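Novice: Mapping the sequence shown onto full-length UniProt numbering, position 512 (from 1) lands on 512, and the numbers just tick up by one.
Starting off with a structure, shown below.
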Amino acid sequence: MSSETTNKDILRGGQFLVKETKCEDIFTLEDLNEEQKMMRESTKEFVDRELWAHWERFEKKDYAYTEECMRKAGELGLLSVAVPESYGGMGMGFVSTMLVCDYISGATGSFSTAFGAHTGIGTMPITLYGTEEQKQKYVPKLASGEWFGAYCLTEPGAGSDANSGKTKAVLSEDGKYYSITGQKMWISNAGFCNMFIVFARIEDDKYITGFIVENDPENGITLGDEEKKLGIHSSSTRQVFFNETKVPVENMLSERGNGFKIAMNALNVGRIKLAAACLEAQRRIVTEAAKYANERIQFKTPIINFGAIKAKIADMATNAYVDESACYRAAKNIEDRIAIREADGNSHQEAELKGVEEYAIECSILKVAVSEHVQHTTDEGIQVFGGMGFSADTPMESAWRDARISRIYEGTNEINRMLAVGMLVKKAMKGHVDLLGPATAVGEELMGIPSFDTPDFSELFAEEKDLLARLKKVFLMVAGSAVQKFGPDLEEHQMLLMSAADILIQIYLVESTILRTEKNAKRFGEEAQAAQIAMSKLYLYRAVDIINQKGKEAIVSFAEGDEQRMMLMGLKRFTKYTNQPNVVALRTQIADKVAADNGYTFD
């Protein structure tokens, strides 16, 4: 297939909202090739042997063991999956890098954080923005695990407002080096890293600049004590102080003033990788909860037989399945977009940067959704275990604590919600996504007489797809009216943006799940996908409730009089089922499948 044809077939970022996607055009976990399956199995073997079997060590702040496991991961090549072959890496595609990030992250948040900080923000800025000399000097060491990297962006006064950092870089009189002075905090891997990516401001520049700084205590670098944290106990997290630290001018990363751009693009990749890093944790929690519920006898029966437990198991498994579906759909979109750009003559660096940037909306959606689902899943995991779940002697308690950080780093979920809608509106203004046409059509539909015909819903997911199309109209109605009312001032109305974001998130998750299941039902048969079909229908039911709530919240907050009444009637029309699903039956079907398999087996 030519790049031109492929380019037409692949939706641009955000276009899922206004264009129909066929199930054959999305990638699913069931599409992994043999090489990817082998990579997944070797990763799981490493995790079971080195991490899961010793999860207690990570809870006892055994930082040395985290470092030891990172070195072992390096020896197995697991740190080099995303690194081009020319710099000592495996040079595998974006889906494969997601896959390793996914399956290596399920046993403990401590190792997951160390791995993500090193392979992502600790290495990637150099591979994507470094000069050839910088890449040859540093990347092979980082890819092998000989060296470890860390990323110094956050400061006491610069968190979500990343460009407001006070760290200074002053050029020496002879022009040979910069002298960096400042304080960084919450620096993952600080305790054992060999190199920092440091962001500092030169003179009174509008934007910060990136630097590669080797960790030499004799060069004005000191570390604070290990932070006392709610979770990720064995992830080394320290403050880093730079006091006139000399950095050669050739260690500037990219151009002067390009640091903010580097930081933002690194976060785009970090967001989808963070979502991936929350997947295997959910699978393992579902499996542990199912095993416990199958074995735990109360009132002379395994507790898995009780409806209250079945509901929890079903919802937990459904979240994991939905999140997988959305993550790997987006990952393959990114991989394909990178391939298109490379075929068109872009360098690998440029292709990857632009490929990920294209799907920045989806990256933010996934970061929010999956980090919140993993928190809910760990919470329900504790509940299934009862008193034992609250005990530090079982891994549920640590999983719950480790999950909490995922809603904060890589940009808080509040920031990412606003970004998702804000970026979509900007894309529309640039003409990259046609929101105006469909939004206008929805407005005209609201003024017209609704059809009372009963559609043919005999095919699998026919009704669900019809409802999904109408859910997209809810977003277009709400967001279109808000943009019309507030224009460029919309970004100041954060509560409205948050409501619109929640609608957008649910649409992407629902569509990804239905398309994955439809694709697999066509090739494996509906009977083989019975539980997956049930999960797709259950999640849609839950999503409709969320969209109803958030849509109403937005409408009654910015519309008045006849406009409000018309939009509320539209909301009711667009979220109406023709045939309501039997939610109890769906949950029972899903839970019975998980119970019979004694765990999560949908990946």
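Quick reminder that beta carbons are idealized off the backbone N, C-alpha and C, glycines included.
Values in this document were obtained by computation on a predicted structure and should not be read as measured data.
Looking only at its chain, what residues have a beta carbon closer than 6 Å to the beta carbon of R516, apart from the 5 residues adjacent to it on each side?
Specialist: Numbered from 1 along the sequence shown, position 516 holds the residue referred to as residue 516. Excluding positions up to five away in sequence, the list reads T28 and S325.
Novice: How close, in whole Å, do the beta carbons of A290 and A595 come, if the pair is a contact with beta carbons under 8 Å?
Specialist: Taking the sequence shown and counting its residues from 1, one reaches residue 290 at position 290. Taking the sequence shown and counting its residues from 1, one reaches residue 595 at position 595. At roughly 6 Å, the Cβ-Cβ gap stays under 8 Å, so A290 and A595 are in contact.
Novice: Sorry if obvious, but does the Cβ on E218 come closer than 7 Å to a heavy atom of the ligand ATP?
Specialist: Ligands are entirely absent from the displayed structure, and the ligand ATP is therefore not among its contents.
Novice: Per DSSP, which one or two residues make a beta bridge with E527?
Specialist: Taking the first residue of the sequence shown as 1, we reach residue 527 at position 527. In the DSSP output, where bridge partners are listed per residue, E527 has none listed.
Novice: Going by beta-carbon coordinates alone, are residue 628 and S234 separated by less than 8 Å?
Specialist: Because the chain spans 1 through 603 in this model, residue 628 falls outside it and cannot be assessed.
Novice: Counting only the same chain and skipping the five closest in sequence on each side, list residues whose C-beta sits under 6 Å from that of K593.
Specialist: As a first step, residue 593 must be located in the sequence shown, where it is residue number 593. If we look at K593 and ignore the five residues flanking it on each side, its Cβ neighbours are A531.
Novice: Quick check on this structure: which residue in E85, L497, S398 and I361 has the alpha carbon closest to the alpha carbon of Q136?
Specialist: Taking the first residue of the sequence shown as position 1, residue 136 is located at position 136. When only C-alpha atoms are compared, the closest one is E85.
Novice: In whole angstroms, what separates the C-alpha of P438 from that of N163?
Specialist: Here residue 438 refers to the residue found at position 438 when the sequence shown is read from its first residue. Here residue 163 refers to the residue found at position 163 when the sequence shown is read from its first residue. Cα to Cα, the separation comes out at about 36 Å.
Novice: Using a Cβ-Cβ cutoff of less than 7 Å, which residues in the same chain neighbour residue 622 once the five nearest sequence positions on both sides are dropped?
Specialist: Since the first residue shown for the chain is 1 and the last is 603, residue 622 is missing from the structure and cannot be characterised.
Novice: Output the boundary residues of the alpha helix (DSSP H) element that contains W186.
Specialist: Along the sequence shown, one-based indexing puts residue 186 at 186. Unbroken run through W186 is the beta strand (DSSP E), Y177 to S188; no alpha helix (DSSP H).
Novice: Can you give the Cα-Cα distance for G88 and M124, rounded to whole angstroms?
Specialist: Against the sequence shown, residue 88 aligns to sequence position 88. Against the sequence shown, residue 124 aligns to sequence position 124. The straight-line gap from Cα to Cα measures roughly 14 Å.
Novice: Compare the beta carbon distance of residue 676 and G220 with 8 Å and say whether it is the shorter of the two.
Specialist: Summary: the structure shown does not reach residue 676, with the chain confined to residues 1 through 603, and so no result is reported for it.
Novice: Is it buried or exposed, E380, if we count other Cβ atoms within 10 angstroms and call 16 or more buried?
Specialist: The residue given as residue 380 occupies position 380 in the sequence shown. Its Cβ being crowded by 16 or more others within 10 Å, E380 is buried.
Novice: So that I know if they touch, is there some Cβ in chain D lying closer than 8 Å to that of M90?
Specialist: Protein chain content of the structure displayed is limited to a single chain, and chain D is not contained in it.
Novice: Give me the DSSP bridge partner(s) of Y87.
Specialist: Your numbering for residue 87 matches position 87 in the sequence shown. Note: Y87 sits in no beta bridge, so no partner.
Novice: Can you name, in chain order, every residue of its own chain whose Cβ lies under 7 Å from the Cβ of K332, other than the five neighbours on each side?
Specialist: On the sequence shown, position 332 is the one that residue 332 refers to. Excluding positions up to five away in sequence, the list reads F27 and V95.
Novice: Distance check for I514 and T167, CA to CA, integer angstroms please.
Specialist: Working through the sequence shown from its first residue, we reach residue 167 at position 167. Working through the sequence shown from its first residue, we reach residue 514 at position 514. One C-alpha to the other measures close to 48 Å.
Novice: Give me, in chain order, the residues of the same chain whose beta-carbon lies closer than 8 Å to that of T588; leave out the 5 immediate sequence neighbours on both sides.
Specialist: As a working note, residue 588 is residue 588 in the sequence shown. Once the five neighbours on either side are set aside, the close Cβ partners of T588 are G307, K310 and A314.
Novice: Kindly indicate the opening and closing residues of the beta strand (DSSP E) around Q239.
Specialist: The residue given as residue 239 occupies position 239 in the sequence shown. Annotation: the continuous beta strand (DSSP E) that includes Q239 extends over T237 to P248.
Novice: Please classify E362 as buried or exposed, where buried requires at least 16 neighbouring CB atoms within 10 angstroms.
Specialist: In the sequence shown, the residue the question calls residue 362 occupies position 362. The residue in question, E362, is buried, as its Cβ has 16 or more Cβ neighbours within 10 Å.
Novice: Could you check how far apart the C-beta atoms of A501 and M418 are, in whole angstroms? I think they sit under 8 Å.
Specialist: In the sequence shown, residue 501 corresponds to position 501, counting from 1. In the sequence shown, residue 418 corresponds to position 418, counting from 1. Their Cβ separation, rounded to whole angstroms, is 7 Å, which keeps A501 and M418 in contact under 8 Å.
Novice: Under a Cβ-count criterion, where at least 16 other Cβ atoms within 10 Å of its own Cβ denotes burial, should K550 be classed as buried or exposed?
Specialist: The count along the sequence shown starts at 1 and reaches residue 550 at position 550. With 16 or more Cβ atoms within 10 Å of its Cβ, K550 is classed as buried.
Novice: Which same chain residues end up closer than 8 Å to N265 when comparing Cβ atoms and leaving out the 5 residues on each side of it in sequence?
Specialist: For the purposes of this step, residue 265 is taken as residue 265 along the sequence shown, with counting starting at 1. Excluding sequence neighbours, N265 sits near L128, L353, V356 and E357.
Novice: Where in the segment 77-155 do unbroken runs of the alpha helix (DSSP H), each at least 4 residues long, occur, reported from the N-terminal end onward?
Specialist: Counting only runs of 4 or more, we get 94-103, 109-116, 124-129 and 132-144.
Novice: Among the residues of its own chain, which have a CB less than 7 Å from the CB of E280, if the five just before and after it don't count?
Specialist: Mapped onto the sequence shown, residue 280 falls at position 280. Only D102, Y103, S105 and G106 meet the Cβ criterion.
Novice: By alpha-carbon positions, which one of I297, G13, W52 and E335 ends up nearest to N99?
Specialist: Indexing the sequence shown from 1 puts residue 99 at position 99. Reading the sequence as shown, one finds Leu at residue 99 and not Asn. When each option's Cα is compared against that of L99, the closest is E335.
Novice: By DSSP, does V198 sit in helix, in strand, or in coil?
Specialist: Taking the sequence shown and counting its residues from 1, the one referred to as residue 198 is at position 198. Strand at V198.
Novice: According to DSSP, is F390 part of a helix, a strand, or is it coil?
Specialist: The residue you call residue 390 lines up with position 390 of the sequence shown. F390 falls in the helix class under three-state DSSP.
Novice: Looking only at its chain, what residues have a beta carbon closer than 7 Å to the beta carbon of T394, apart from the 5 residues adjacent to it on each side?
Specialist: Residue mapping note: residue 394 aligns to position 394 of the sequence shown, counting from 1. The answer, listed in chain order, is F385 and M388.
Novice: Can you tell me the Cα-Cα spacing of T21 and R470, whole angstroms?
Specialist: Along the sequence shown, one-based indexing puts residue 21 at 21. Along the sequence shown, one-based indexing puts residue 470 at 470. Between T21 and R470, the C-alpha separation is close to 15 Å.
Novice: Ends of the beta strand (DSSP E) at K168?
Specialist: Numbered from its first residue, the sequence shown carries residue 168 at position 168. That run of the beta strand (DSSP E) goes K168 to L171.
Novice: From T440 to F475, what distance separates their C-alpha atoms?
Specialist: Counting from one through the sequence shown, the residue named residue 440 turns up at place 440. Counting from one through the sequence shown, the residue named residue 475 turns up at place 475. Approximately 12 Å between the Cα atoms of the pair.
Novice: Can you name, in chain order, every residue of its own chain whose Cβ lies under 7 Å from the Cβ of W521, other than the five neighbours on each side?
Specialist: Here the question's residue 521 lines up with position 521 in the sequence shown. The question names Trp, but residue 521 is Ala in the sequence shown. Within the same chain, A521 has close Cβ partners L460, Q529 and I533.
Novice: Can you tell me the Cβ-Cβ gap for M90 and S80, rounded? I've got them flagged as a contact below 8 Å.
Specialist: Within the sequence shown, numbered from 1, the residue matching residue 90 stands at position 90. Within the sequence shown, numbered from 1, the residue matching residue 80 stands at position 80. Yes, they are in contact, since the Cβ atoms of M90 and S80 sit about 5 Å apart, within 8 Å.
Novice: So for F452, helix, strand or coil by DSSP?
Specialist: Position 452 of the sequence shown, counting from 1, holds the residue named residue 452. Here F452 sits in coil by DSSP.
Novice: Assess contact between the segment 430-437 and the segment 395-403, defined as three or more Cβ pairs (one per stretch) separated by less than 8 Å. Is contact present?
Specialist: no
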